[in-house]
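Report on the structure given below.
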Amino acid sequence: MKTKYFDYNDELDIEGDKIKKNLNDLTGHIAAQNEENEELYKLKKEIIELEKKVNNTMVSNLSEPELELIAFDDFDDFFWHYNSTTFHKSLNQEIQKKPTIPLSCLDYSIVVIAGLIASLVDICLVKIPKDMSMSSIYYGQKSSEITKFFKGIGIDKNKKLLPFLKYLEDNCKVPFDIPVNSKIPGFGIRTHRLHSLGHDPLLGLIFGFMDIMNGKMTVIDSMGNISIQKGSFNLDNSEMIYLPFIWLGHIVSDLCTTMGIPIPGWGFTQLLNFGRFGQKDRSVAEISRWMYINGYDLRHFITMSVSTACIEMIVRMYLSIASINNQSDIDLDVVKSFATKDKERIQSSLRLHKMLFLSHTIATSGNAIKVFASQGNPLSINITQWIAFLKEAVIVTQTSLRNTTGEKITRNREKIDNNWENIQKIKIGRFDK
9 MKTKYFDYND ELDIEGDKIK KNLNDLTGHI AAQNEENEEL YKLKKEIIEL EKKVNNTMVS
69 NLSEPELELI AFDDFDDFFW HYNSTTFHKS LNQEIQKKPT IPLSCLDYSI VVIAGLIASL
129 VDICLVKIPK DMSMSSIYYG QKSSEITKFF KGIGIDKNKK LLPFLKYLED NCKVPFDIPV
189 NSKIPGFGIR THRLHSLGHD PLLGLIFGFM DIMNGKMTVI DSMGNISIQK GSFNLDNSEM
249 IYLPFIWLGH IVSDLCTTMG IPIPGWGFTQ LLNFGRFGQK DRSVAEISRW MYINGYDLRH
309 FITMSVSTAC IEMIVRMYLS IASINNQSDI DLDVVKSFAT KDKERIQSSL RLHKMLFLSH
369 TIATSGNAIK VFASQGNPLS INITQWIAFL KEAVIVTQTS LRNTTGEKIT RNREKIDNNW
429 ENIQKIKIGR FDK
């Protein structure tokens, strides 16, 4: 019989019991961990729903597969990544984002309607200032009835000036009213008002006054040369006090004559003596001179303004109606900060000019189509429409370059207040289905 010097049975039994106990504890921990994972899964779903309710950008842009790929045990890493990196980056972009004025579908509808109406008015009513004769390559094109109406004002059936206008013509003599001067290229009976800057209805306030005081005549000839010529007479010093009335009376009397007076600033087109356009290879100066001779004067300028006025009236009337506050808004208006009121004023102005710019863009495109359809007739150009388009383009460009710091601060403050109100409305606990 072998003798046992070392007996480990008791120790092994004790250690075996300990291992079984540890295995049982481990099994319990795993079960508890699974229960915790299930709770974390439910918690994650609730947090995602919470994020969606407050319209945050943390996870709302993730697709369902991307959400499922988020490991339960890496949930802290997930929120650290999206909070610290993506969230802060998107938040900074949101804070620094330049304020814009988005237009609603109704706004765009008004823009399109205003632009199309202006285009139809331009094509059907404005037309051209004069019927094209058989000698013209544009023969058959008809003039505007509105322009014909304006050209009939101030004259009788025999095309003579009415007594009051005749009185102004006889008594409001100016030194720059010289119908013929052979020394000035292009200067003649039908064109002397175009070349004489004193006849300009706007710039004549400068050149006309200077010419009357000095007894001179400032002209731009058909070659683009600016010169000061001797006037027809000198005004007496005692009559200088009546200078503004003399100039205005002369312009009014000339307005109702056959040739009328040029569009403001049109005389300076004679400086544009370059280019070769049309079948006759005429320069810009020659084309503008031909246009004036064929009725493109101040009266047709007023006619052309009708289409532009349509846009201004439609858009501004629409915004006026849309801006009418209800009584609650009026009551709250008294407690608004100056910054908020200033931001609203800026936004209202930006919305107006954005809509005007888009409407004038449509109308200007319509005028370009009109010129193309009339075989490139320069008389079809609606200069008032192009001026309005360029003016609004400049305004829109200026607004894009403005300092928006104050607007950003006010906008961000309002977003913080609104989000805080939304947070306060959130119920703690399970979300209602």
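My numbering puts the first residue of the sequence shown at 9, with every later residue one more than the last. For each residue, glycine too, the CB sits at the ideal point set by N, CA and C. In this text, all values refer to a predicted model and were calculated from it rather than measured experimentally.
What do you reckon, are the CB atoms on residue i and residue j nearer than 7 Å?
i, j, result
"Thr392", "Ser296", "no"
"Gly239", "Gly223", "yes"
"Thr316", "Ser152", "no"
"Leu176", "Gly162", "no"
"Ala371", "Ala126", "yes"
"Tyr385", "Tyr146", "For the record, residue 385 in the displayed sequence is Asn; it is not Tyr. Their beta carbons are under 7 Å apart, which means Asn385 touches Tyr146 by this criterion."
"Pro193", "Leu306", "no"
"Leu463", "Ile220", "The chain is shown from 9 up to 441; residue 463 falls before or after that span and cannot be answered."
"Met140", "Gln149", "yes"
"Ser388", "Ile109", "no"
"Val323", "Leu364", "yes"
"Ile121", "Cys180", "no"
"Gly206", "Phe184", "yes"
"Met267", "Arg353", "no"
Take the Cβ of residue i as the centre, count every other Cβ of all protein chains shown within 10 Å, and call the residue buried at 16 or more, exposed below.
i, result
"Pro270", "buried"
"Gly325", "Looking at the sequence shown, residue 325 is not Gly but Met. With fewer than 16 Cβ atoms within 10 Å of its Cβ, Met325 is classed as exposed."
"Cys113", "exposed"
"Phe309", "buried"
"Glu400", "buried"
"Asp244", "exposed"
"Asp33", "exposed"
"Pro187", "exposed"
"Gly283", "exposed"
"Leu170", "exposed"
"Gly160", "exposed"
"Asp115", "buried"
Suppose you measure from the CA of residue i to the CA of residue j; what does that come to, to the nearest Å?
i, j, result
"Ile329", "Leu366", "20 Å"
"Arg201", "Lys138", "19 Å"
"Gly36", "Gly24", "18 Å"
"Asn189", "Gly196", "7 Å"
"Lys423", "Lys349", "16 Å"
"His361", "Asp130", "21 Å"
"Lys28", "Asn42", "21 Å"
"Asn302", "Met225", "24 Å"
"Asp178", "Phe217", "19 Å"
"Thr65", "Glu54", "Caution is warranted here: a pLDDT of 48 is assigned to Thr65, below 50, making its placement in the model unreliable, and no coordinate value can be reported."
"Arg438", "Thr418", "For Arg438, the pLDDT reaches just 49, beneath the cut-off of 50, and the residue's location in the model is therefore unreliable, although a value from the coordinates is still provided. Between Arg438 and Thr418, the C-alpha separation is close to 35 Å."
"Val404", "Ile236", "40 Å"
"Glu47", "Ala39", "12 Å"
"Phe80", "Gly123", "Note that Phe80 scores 44 on pLDDT, short of 50, meaning its location in the model is unreliable; the coordinates nonetheless yield the value given after this. Between Phe80 and Gly123, the C-alpha separation is close to 57 Å."
"Tyr300", "Gly286", "17 Å"
"Asn420", "Leu111", "20 Å"
"Leu279", "His203", "11 Å"
"Met368", "Ile332", "Per the sequence shown, residue 368 should be read as His rather than Met. The alpha-carbon atoms of His368 and Ile332 are separated by roughly 25 Å."
"Leu128", "Ser117", "16 Å"
"Asp425", "Leu358", "24 Å"
"Cys318", "Cys264", "26 Å"
"Lys167", "Cys132", "27 Å"
"Glu44", "Leu31", "20 Å"
"Ile22", "Tyr49", "40 Å"
"Ser408", "Ser356", "15 Å"
"Glu320", "Tyr304", "23 Å"
"Val134", "Val182", "33 Å"
"Gln432", "Leu51", "20 Å"
"Ile234", "Val119", "43 Å"
"Trp428", "Leu327", "32 Å"
"Asp289", "Ser144", "15 Å"
"Lys191", "Lys165", "36 Å"
Give me whichever residues DSSP pairs with residue i in a beta bridge.
i, result
"Arg290", "Phe285"
"Lys53", "Answer is none; Lys53 lacks a bridge partner."
"Gln237", "Met225"
"Ile136", "Ser151"
"Ile163", "Leu169"
"Ser204", "Val227"
Under 6 Å: does the beta carbon of residue i sit that close to some heavy atom of the ligand PLP?
i, result
"Gly216", "The ligand PLP is not among the ligands present in this structure, which contains no ligands whatsoever."
Checking contacts by CB at 7 Å: is residue i closer than that to chain C?
i, result
"Val188", "Among the chains in the structure shown there is no chain C, since it carries only a single protein chain."
Check your understanding: Does the pairing of the region 218-233 with the region 286-302 give three or more beta-carbon distances under 8 Å?
Key -> yes
Exercise for review: Report yes or no: do three or more beta-carbon pairs, one from the region 243-260 and one from the region 271-291, lie closer than 8 Å?
Suggested key: no
Review point. Does the region 155-169 come close enough to the region 389-404 to have 3 or more Cβ pairs within less than 8 Å?
Key: no
**Study point:** contact_flag[the region 373-390, the region 410-420] where n(CB pairs < 8 Å) is 3 or more
**Key:** no
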